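These notes concern the structure reproduced below.
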Amino acid sequence: MIYNFSAGPAALPAPVLRQAAEELPDWHGTGMSVMEMSHRGRDFVGIAEAAEASLRDLMDIPDDYRVLFLQGGATGQFAAVPMNLAPRGGAADYVITGLWGKRAHAEGSKYLSRASVAARPRPSTLVPPESDWQLTPDADYLHITLNETIGGVRFDHVPQVAAPLVADVSSMILSEPIDVSDFGVLYAGAQKNIGPSGLVVVIVRDDLLGRARPSTPQVWNWFENAKSNSMINTPPTFAWYIAGLVFRWVADQGGVQAMAEINRRKAARLYSAIDQSACYANPVAPANRSLMNVPFTVAQPDLEPVFLAEARAAGLVNLEGHRAVGGMRASIYNAMPEAGVKALIDFMKEFESRHG
Ligand code: PMP
Numbered sequence: 041m042i043y044n045f046s047a048g049p050a051a052l053p054a055p056v057l058r059q060a061a062e063e064l065p066d067w068h069g070t071g072m073s074v075m076e077m078s079h080r081g082r083d084f085v086g087i088a089e090a091a092e093a094s095l096r097d098l099m100d101i102p103d104d105y106r107v108l109f110l111q112g113g114a115t116g117q118f119a120a121v122p123m124n125l126a127p128r129g130g131a132a133d134y135v136i137t138g139l140w141g142k143r144a145h146a147e148g149s150k151y152l153s154r155a156s157v158a159a160r161p162r163p164s165t166l167v168p169p170e171s172d173w174q175l176t177p178d179a180d181y182l183h184i185t186l187n188e189t190i191g192g193v194r195f196d197h198v199p200q201v202a203a204p205l206v207a208d209v210s211s212m213i214l215s216e217p218i219d220v221s222d223f224g225v226l227y228a229g230a231q232k233n234i235g236p237s238g239l240v241v242v243i244v245r246d247d248l249l250g251r252a253r254p255s256t257p258q259v260w261n262w263f264e265n266a267k268s269n270s271m272i273n274t275p276p277t278f279a280w281y282i283a284g285l286v287f288r289w290v291a292d293q294g295g296v297q298a299m300a301e302i303n304r305r306k307a308a309r310l311y312s313a314i315d316q317s318a319c320y321a322n323p324v325a326p327a328n329r330s331l332m333n334v335p336f337t338v339a340q341p342d343l344e345p346v347f348l349a350e351a352r353a354a355g356l357v358n359l360e361g362h363r364a365v366g367g368m369r370a371s372i373y374n375a376m377p378e379a380g381v382k383a384l385i386d387f388m389k390e391f392e393s394r395h396g
């Protein structure tokens, strides 16, 4: 038995993989794989529409929001956000609570005359209170990262701000309820809680469409994509199809609220094991601890490679921290069963009793 704690591309639900394997050579008697179908044919359009309908249902997405299935990953959206929301010479604010927010800001800066950092805790182990944010009065948007995948820092509430709120939700979408109407734009790379990499989902409020600068590449122009149902060109059809299977799987688990209860339980058990041990540590402020990504260190850093090797031998794989920060990280997305977290905790205790 292997438990895959990868931060992304990450583990997918086993029933989804089984269904995809069954349907791979011959989707519903068509004699072809989804990979081989025309994206404009009736079959694929049905798959695409069903996936969008499931996501709308799961997230309770209001009718005045478009859902786009695009390419270029979340990183593509770091540039697409300013191109679609701010005119040349525009301004935006970024709250930076980790490395992804930093990258979003660096990329966004290329397309803005003012890309201000409204807040940046150092080190990034908490979300600073809104009363400490320096906001630009005429900002075209405010960008936040609801869950920082590397540092494991999570917003525990949605800030209320005047500018349209844009959130990178790559590593927390579908893990707990989000009130979509609090946001102007949400975007998520698929490869954690949605499906295979190569797909990014963008959820954008209608009134924010149509502001894109003329120079915006067509494939990242939200308005053009909304008009063409994300089919300006050939979309990532297979990833879109798998996303639809994952959405149905989440619905079968009871939806996002039910998923959140499981996720809170998994995270609470893991943090509690870390906090109760003298060997492991997680630096994040308790209120801002991620439900999805749990970074941790061992007291003696020279034991890290030993921990990782022994964990791997025990079937607990991809526990390495991000290359930028080192240490360990357990990503426990929706597809990680509670038994996987229990196996990790048991291993950590056993490792500590031998090496602690
Ligand atoms: N934002 C967040 C929060 C992420 O976790 C990641 C990837 N781990 C990215 C952005 C970048 O995503 P992509 O590789 O899809 O461009």
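Using this note's numbering, you'd call the opening residue of the sequence shown number 41 and step up by one each time. No residue lacks a Cβ here, since even glycine has one placed at the ideal position from N, Cα and C. No experiment lies behind these values; they were computed from the predicted model shown.
Span separating the alpha-carbon of Ala-158 from that of Arg-305: Cα to Cα, the separation comes out at about 33 Å.
For Val-334, collect the residues of the same chain with a Cβ closer than 8 Å to its Cβ; drop the 5 residues on either side in sequence, then sort them by chain order. Result list for Val-334: Gly-192, Ala-307, Leu-310, Tyr-311, Ile-314, Asn-322, Arg-369, Ala-370, Ser-371 and Ile-372, in chain order.
Local conformation of Ala-228 per DSSP, three classes: Strand, per DSSP.
Do you know offhand how far Phe-287's Cα is from Ile-218's? When rounded, the distance between both Cα atoms is 15 Å.
DSSP bridge partner residues for His-183 (one or two, in chain order): DSSP output for His-183 lists Tyr-134 and Val-206 as bridge partner(s).
Examine the Cβ distances between the stretch 262-270 and the stretch 57-74 and report whether three or more of them are shorter than 8 Å. The stretch 262-270 vs the stretch 57-74: no contact.
Using the three-state DSSP reduction, which class does Ile-87 fall into: helix, strand or coil? In this structure, Ile-87 counts as helix in the three-state DSSP scheme.
In angstroms with no decimal places, state the Cα-to-Cα distance between Gln-200 and Phe-391. Looking at the two C-alpha atoms, the distance is approximately 44 Å.
Nearer than 8 Å: is that true of the beta carbon of Ala-47 relative to any heavy atom of the ligand PMP? Answer for Ala-47: yes, Cβ within range of the ligand PMP.
Would you kindly check if the distance between the Cβ of Ala-50 and the Cβ of Asn-233 is under 9 Å? It is a contact, given that the beta carbons lie within the stated cut-off.
Taking all protein chains shown into account, do 16 or more other C-beta atoms lie within 10 angstroms of the C-beta of Gln-174, making it buried, or fewer, making it exposed? Exposed, because fewer than 16 other Cβ atoms sit within 10 Å of the Cβ of Gln-174.
Count the CB pairs spanning the stretch 105-118 and the stretch 223-230 that are closer than 8 Å, and state whether there are at least three. Output reads yes: the stretch 223-230 touches the stretch 105-118.
How would you write the range of the alpha helix (DSSP H) that Val-286 sits in, first residue to last? Counting along the chain, the alpha helix (DSSP H) containing Val-286 begins and ends at 277-292.
Mind checking Ile-87: buried by the 16 CB within 10 Å criterion, or exposed? Ile-87 comes out buried.
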